Structure formats: structure tokens, C-alpha cells
Amino acid sequence: MGIADPTIMNSVNKTFTHSQQHPKLAMTVAVSLENVYKIYNQVPVVDNLSFDIAAGEMFGLLGPNGAGKSTTIRMLTTLTKPTQGNVEVCGYDVIRQRMQVKQCIGVVLQQISVDGDLTVWENMELHGRLHHIPNPQRQRLINQWLDYVELTTKRNDLVKTLSGGMKRRLQIARALLHQPQILFLDEPTVGLDPQTRRRLWEIIKDLNKQGMTMLLTTHYMEEVEYLCDRIGIMDNGKLISLGTLQQLRSTHGEGLVIKQVGDRWEYLFFPTLGEANNYLDTLQDKTGIMVRPSNLEDIFVELTGRQLD
Ligand code: ADP
Numbered sequence: 152m153g154i155a156d157p158t159i160m161n162s163v164n165k166t167f168t169h170s171q172q173h174p175k176l177a178m179t180v181a182v183s184l185e186n187v188y189k190i191y192n193q194v195p196v197v198d199n200l201s202f203d204i205a206a207g208e209m210f211g212l213l214g215p216n217g218a219g220k221s222t223t224i225r226m227l228t229t230l231t232k233p234t235q236g237n238v239e240v241c242g243y244d245v246i247r248q249r250m251q252v253k254q255c256i257g258v259v260l261q262q263i264s265v266d267g268d269l270t271v272w273e274n275m276e277l278h279g280r281l282h283h284i285p286n287p288q289r290q291r292l293i294n295q296w297l298d299y300v301e302l303t304t305k306r307n308d309l310v311k312t313l314s315g316g317m318k319r320r321l322q323i324a325r326a327l328l329h330q331p332q333i334l335f336l337d338e339p340t341v342g343l344d345p346q347t348r349r350r351l352w353e354i355i356k357d358l359n360k361q362g363m364t365m366l367l368t369t370h371y372m373e374e375v376e377y378l379c380d381r382i383g384i385m386d387n388g389k390l391i392s393l394g395t396l397q398q399l400r401s402t403h404g405e406g407l408v409i410k411q412v413g414d415r416w417e418y419l420f421f422p423t424l425g426e427a428n429n430y431l432d433t434l435q436d437k438t439g440i441m442v443r444p445s446n447l448e449d450i451f452v453e454l455t456g457r458q459l460d
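Pasting the structure below:
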């Protein structure tokens with residue numbers, strides 16, 4: 152099954168220069184944000200954001216509610232214009248070359264859902280026609296992607312009769328129909344049961360293995376740990392951390408001491424697990440204290456604060 156369209160691939164010819172790139176990644180920029188702002192009512196909800204995503208990379212964008220993740224995805228997918236700064240997708244400018252950008256991206260957003268009153272096939276057919284994919288290629292691609300997400304037997308069912316996981320798989324199949332280079336997934340597994348979530352992970356991972364560049368947002372840390380090559384953490388519209396999981400762990404501390412203080416827990420980061428254990432050894436009273444390797448959730452909470460919504 153071919154995803155990559157060489158004609159589009161050739162248009163992506165900027166060199167990937169970010170110092171925190173993942174070693175396995177190709178050296179081509181698929182997505183680039185340079186000093187990007189989105190200002191609503193004089194408030195920058197995206198505030199001087201700069202980062203690149205390499206072709207073939209799986210990039211995870213994390214952040215608490217209101218951090219600016221959806222606004223960022225909306226700018227990258229041409230749904231809203233940046234107030235200031237440069238945004239390029241597949242080498243095209245999101246404002247001046249909007250149509251070319253739309254042609255090279257697939258989008259699975261929370262808000263853009265499939266039409267429940269149409270059948271599975273009708274949803275695919277409509278999307279295919281909107282993208283001017285001629286027949287018989289259109290029918291071939293519809294069959295191919297429905298088969299890929301295991302919805303062939305449901306093709307004549309009304310979408311409103313499908314389970315949440317099936318609807319999400321249909322959204323993905325539809326987003327892939329016009330053979331995009333980059334797939335944007337906004338919380339792709341939210342509200343799904345663990346089995347369905349894992350099935351979607353397999354699909355996402357497989358697409359990435361075939362060369363698809365992906366940006367996904369999620370609140371599930373294990374999703375990012377399992378899927379993503381690099382992680383960007385946003386808070387208050389700013390990128391506050393960027394790197395591979397290993398880079399984030401070595402920057403923020405690989406060893407963690409968790410101490411119970413009254414009815415709260417105190418988290419102390421140490422460069423290594425050994426140093427965390429050495430600290431524990433110095434304590435006379437070790438009651439209510441735990442030492443373990445840090446994980447992404449520890450780092451996320453440390454960086455974005457412990458206050459609740
Ligand atoms: P996230 O996806 O990280 O939860 P959003 O990008 O949805 O964050 O929102 C970031 C901030 O921008 C929030 O404070 C939100 O209220 C504000 N915001 C988003 N869209 C609009 C809009 N159209 N008008 C005004 N404020 C907005």
C-alpha cells in the first residue's frame with residue numbers, strides 16, 4: 152500500500168536543522184513553525200511558538216487544557232490563520248498556499264466528525280469527491296482504506312450505528328483517502344476503551360512505519376511514550392520542553408524520590424536513579440518514601456504544575 156506521493160515528497164526539500172532531532176529521522180522538514188503567535192482579544196493563546204517536525208516523524212504535542220494545542224493544530228491545518236509568524240506544511244505556506252497544504256494533509260479532529268446519517272461508504276465517497284479523486288481510482292482507494300481499518304463489512308451501515316472505535320477508524324480512513332503526506336490527529340483515542348485504543352495505536356504506528364509524518368495531541372502519557380519519536384510540551388501558549396522521551400528524562404532527571412508529606416506527595420528529581428537511591432540512603436526515616444525511574448507523566452506534572460482545572 153503506497154502512502155507517499157513522490158511529487159509531493161519532492162516539494163519538501165528544506166533541511167531539518169533542529170538540534171534535538173531524533174537520530175532515526177529523515178533530514179527533511181515536513182512541518183515548520185517559526186515565531187508563531189495567535190492572538191485572541193489581545194491575549195496570545197499561542198505565544199512565539201517555534202519547532203519543526205521531520206518527514207516521517209511521529210510528534211506528540213502535550214499540554215494541559217487551554218495550553219494552545221488545538222489552536223496550533225488549527226493553524227497547521229489552515230482552519231485558522233496565525234496572527235504573526237511563519238507556518239509551513241509540506242513546504243507550503245499555510246496562508247499563501249492554503250490549497251496545496253490542504254491537499255497534502257489528512258486531519259482527524261474532534262470537531263470534524265463523520266456524518267451519522269450517511270453510510271460508511273457514502274462518507275468516504277463524499278470526501279473523495281470533495282478532493283476530486285476520479286473513478287475508478289476513488290473506488291479503489293475507498294476499498295483499500297476501508298479494508299485497512301477493517302470496516303469493509305460495515306460499508307453499507309449508517310455511521311450512527313457504529314461504535315466509537317469504528318467511527319474513529321472511519322475518520323482515519325477518510326483522512327487517508329486523498330493520500331496525504333502528513334496526518335494530524337487531535338486526541339485520537341479519547342473516550343475509547345483500552346482494547347480499541349490499542350488497535351488504533353497499531354494502525355497509527357503502522358502508518359508511521361510506512362513513512363507517514365504525524366502530529367498527535369493526547370492526554371494519555373502512555374500513548375505518547377508508546378508512539379512518539381519526539382514530544383513537545385506546551386503551557387500557556389509556549390513550548391516549554393521539546394525532545395525525545397530519553398532527552399526529556401535526562402534534562403529533568405531520570406531518578407525520582409516520592410515523599411509523603413502530610414496528605415500530599417512531594418516529588419524530588421535526581422539526575423540518575425542511583426543518585427535518587429543515594430539520597431534515600433542518607434535519610435534516617437524512610438517511611439512513606441519511594442524511589443523509582445521518572446516517567447513522562449512525572450515530568451509533565453512537574454513542568455505544568457499540580458493545580459487542577
Ligand atoms: P488546548 O487545545 O491546549 O486545550 P486551545 O488551543 O483549545 O487549547 O485553547 C487555548 C486558549 O485559547 C484557551 O484559553 C481558549 O479559551 C482560547 N481560544 C481558543 N479558541 C478561541 C477563539 N476562537 N476565541 C477566543 N479564544 C479562543
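In my numbering, the protein residues as written are 152 to 460. Glycine included, C-beta positions come from ideal geometry on N, C-alpha and C. These figures come from a predicted structure and were not determined experimentally.
Considering only residues of the same chain and omitting the five flanking positions on each side of residue i, which have a CB-CB separation below 7 Å?
i       : result
Ile-190 : Thr-234
Glu-185 : Ser-201, Gly-236, Asn-237
Phe-451 : Leu-213, Met-372, Ile-384
In its own chain, which residues sit with a C-beta less than 6 Å from the C-beta of residue i, not counting the 5 before and 5 after it?
i       : result
Asn-428 : Val-442
Ser-183 : Asp-203, Glu-239
Gly-219 : Val-196, Val-197, Met-385, Gly-388
Ile-293 : Met-275
Arg-225 : Thr-231
His-282 : His-329
What whole-angstrom Cβ distance do residue i and residue j have, given they're in contact under 8 Å?
i       : j       : result
Ser-445 : Phe-420 : 6 Å
His-278 : Leu-328 : 5 Å
Arg-350 : Gly-316 : 7 Å
Using a 10 Å radius around the Cβ and a threshold of 16 neighbouring Cβ atoms, would you call residue i buried or exposed?
i       : result
Gly-214 : buried
Asp-337 : buried
Gly-456 : exposed
Asn-216 : exposed
Gly-404 : buried
Arg-280 : exposed
Lys-437 : exposed
Arg-289 : buried
Leu-367 : buried
Val-258 : buried
Asp-414 : exposed
Asn-286 : exposed
Measuring CB to CB, does residue i end up less than 8 Å from residue j?
i       : j       : result
Ile-284 : Phe-335 : no
Leu-227 : Val-245 : yes
Gly-211 : Ile-323 : no
Val-310 : Asp-357 : no
Ile-355 : Leu-321 : no
I'd like the list of long-range same chain contacts for residue i, defined as Cβ closer than 8 Å, with 5 residues on each side in sequence excluded.
i       : result
Ile-391 : Ile-384, Met-385, Leu-454, Thr-455
Asn-307 : Thr-270, Val-271, Trp-272
Thr-369 : Gly-211, Leu-213, Glu-338, Pro-339, Thr-340, Val-341, Val-375
Three or more C-beta pairs below 8 Å linking the segment 355-366 and the segment 387-396: no
Cβ contact check for the segment 250-259 and the segment 411-420: 3 or more pairs under 8 Å: no
Pairs of beta-carbons, one from the segment 294-305 and one from the segment 341-349, closer than 8 Å: are there three or more? no
Quick test of the definition: if touching needs 3 or more C-beta pairs under 8 Å, does the segment 404-411 touch the segment 430-441? yes
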